[in-house]
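Per our numbering, residue -7 is the first one in the sequence shown, and the count goes up by one each step.
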Amino acid sequence: MQASAPAQPESPFPAARIQPEFRTITQYGGARRIVVGNRLALLQSSPQWIAAFVPHDKKNWIEHIKSIPGRRWDAKQCCWLLPLTAESVHAVRDFFGELAVFGFAIPEELPESWRPPPSSKRPPQKKQLNERQRRAVSALEEQLILEGKRHRTIKSYKGILISLLLHYPKTEPEQVSLEQVKAYIVYKKKSADIATSTHNQIINALNAYFGRVLGQNEKVQKLPRPKKRRKLPNVLSEEEVQRLIQAVKNPKHKCMLLLIYSAGLRKGEVLNLRVRDLNPGRQCIFVKDSKGGKDRYTLYSPKAIRYVSEYIRTYKPRYWLFEGQTGGQYSESSLQALFGRAREESGVNPFITIHGLRHSFATHLVERGVSLHKVKQLLGHEHLKTTEVYLHLAQDFFQKVQSPLEGLDL
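As structure tokens, then:
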């Protein structure tokens, strides 16, 4: 991609108080216009829409804009259109701060949130089911509730069964054959290229319905399960973690990343923390109802206590430790966006994810000589084998083993 001279194409809003910066580039043999600069220009496109001009190279900015409900891309104006609502304005101000420049006066009274217009699309999958199929889904839901499955698992398993039943609309649920189940899974693999974990989840869901609801174990016991590939996770060095956290200036955002790294938390775990889950006296954090429905305690480091205590004094969260604009839980999309911005500004491994901070926590503990059994307890792993992966990531694993090449007289 080659840039031409920074001549400014005509603005779609010539009378606005602030103008977005454009540049024409040559790409794939043709010319196209992109937004450049280091700020987010926001203009009023219509009484209901904000035009947000996001610089082309700010990938994490774009990801945050895409998380705002109701947003859509306007190729002609080269901008994102955001609903003119209180929700959109808060999402922009909270994330971008002074980098967002509004070129119009925001009305005092705004709709609270975006409401999609009535759709002529097909109804949701559940509404496409016939009475027999609906009873089958209800039976699965009842079984999973009796088994004490989590809401997220129940929702996922129901979705899988609904998808299977709609794939064979003329077949009664209990009459779906083993061959049809296999054909459905092959279809999902080919059409959606589902991951190994999703493949296994489909089998688990169908096993719950055909095996435990209908007692037709033969339909699922013969299904081959894919072997999960063992991938080594990306981790950061301690110096990289320091750079990442120091790149975050907002106290709330900094505390979220500090806790994920210092306590080895998952995304959902840090978002689900309540103020009462922190125990500075015992230097521990209570993690309630985590993956697999398990509770556990993990570390609450003195440095984290210092930062979080100051955050609590300033922000005064009432129930959830990290609250959103309206007082509810902080959203996962906002957490992802702030992490992406910190990763970009700190210049650390661009492939690291939020979960990579949890991997880094475990790896650094192993490097400091903490036993695998203790690391397993802090992470909430069910099996020690899961924790053993961090042995292969620790620096001393490579430093203590010498290549046989070193013994050759070369």
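In this text, a Cβ means the ideal position worked out from N, Cα and C, and glycines have one as well. None of the values given here were measured: they were computed from a predicted structure.
Per DSSP, F45 is not a residue of any alpha helix (DSSP H); the beta strand (DSSP E) it occupies stretches across 41 to 45. Exposed is the label assigned to H375, since fewer than 16 other Cβ atoms lie within 10 Å of its Cβ. Secondary structure of L34 (DSSP, three-state): strand. For Q120, the closest C-alpha among the options S155, E104, T16 is that of S155. R63: not part of any alpha helix (DSSP H); DSSP gives it neither H nor E. For N341, the three-state secondary structure derived from DSSP is coil. Two segments are said to touch when three or more pairs of C-beta atoms, one from each, lie closer than 8 Å; by this definition the region 75 to 82 touches the region 57 to 65. Annotated three-state conformation of N196 is helix, per DSSP.
Under DSSP, P75 takes part in a beta bridge, and its partners are W41. In this model, N242 and R333 are separated by some 12 Å (Cα to Cα). Rounded to whole angstroms, the gap between the alpha carbons of K244 and R31 is 22 Å.
Burial is judged here by how many other beta carbons sit within 10 angstroms of a residue's own beta carbon; G320 has fewer than 16 and is exposed.
Around the beta carbon of L158, fewer than 16 other beta carbons lie within 10 angstroms, which makes this residue exposed.
When DSSP states are grouped into helix, strand and coil, E315 belongs to the strand group. Counting only residues of its own chain and dropping the five nearest sequence neighbours on each side, T145 has a CB closer than 8 Å to the CB of L136.
Sixteen is the threshold: when 16 or more other Cβ atoms of the shown chains lie within 10 Å of the Cβ of Q125, as they do, the residue is buried. In the DSSP annotation of this structure, the continuous segment of the alpha helix (DSSP H) that includes R127 starts and ends at 123 to 138. DSSP places V279 in the uninterrupted beta strand (DSSP E) bounded by 276 to 279. Here DSSP, grouped into helix, strand and coil, assigns V362 to coil. With a beta-carbon spacing of about 4 Å, E337 and A239 fall inside the 8 Å limit used to define contacts.
The Cβ atoms of A128 and P165 lie closer than 7 Å to each other. When the alpha-carbon of K368 is set against those of K377, H143, R221, the nearest one is in K377.
Residue pairing of T163 in beta bridges, as defined by DSSP: absent, with no partner found. By the criterion of a C-beta distance shorter than 7 Å, R204 is surrounded in its chain by Q135, once the five residues flanking it on both sides are discounted.
Assignment of V233 by DSSP, reduced to helix, strand and coil, places it in the helix class. Looking at the backbone, the Cα of M248 and that of V93 are separated by about 27 Å. Boundaries of the beta strand (DSSP E) harbouring L291: 288 to 291, taken from the DSSP string. For N192, the CB contacts under 8 Å within the same chain, skipping 5 residues up- and downstream, are R217, P218, K220 in chain order.
Ranked by how close their Cα comes to the Cα of Y292, the residues P309, V262, D281 have V262 in first place.
DSSP, read as helix, strand or coil, puts I26 in strand. Exclusion of the five residues before and after E302 leaves P243 as the residues of its chain whose Cβ lies within less than 8 Å of its Cβ. In the DSSP assignment, V93 is bridged to A33. Taking one beta carbon from each stretch, the region 264 to 277 and the region 307 to 326 have 3 or more pairs nearer than 8 Å; the two touch.
In the three-state scheme derived from DSSP, where H, G and I count as helix and E and B as strand, I98 is classed as coil.
Secondary structure of L224 (DSSP, three-state): coil. According to the DSSP assignment, L400 belongs to no alpha helix (DSSP H), since it is labelled neither H nor E.
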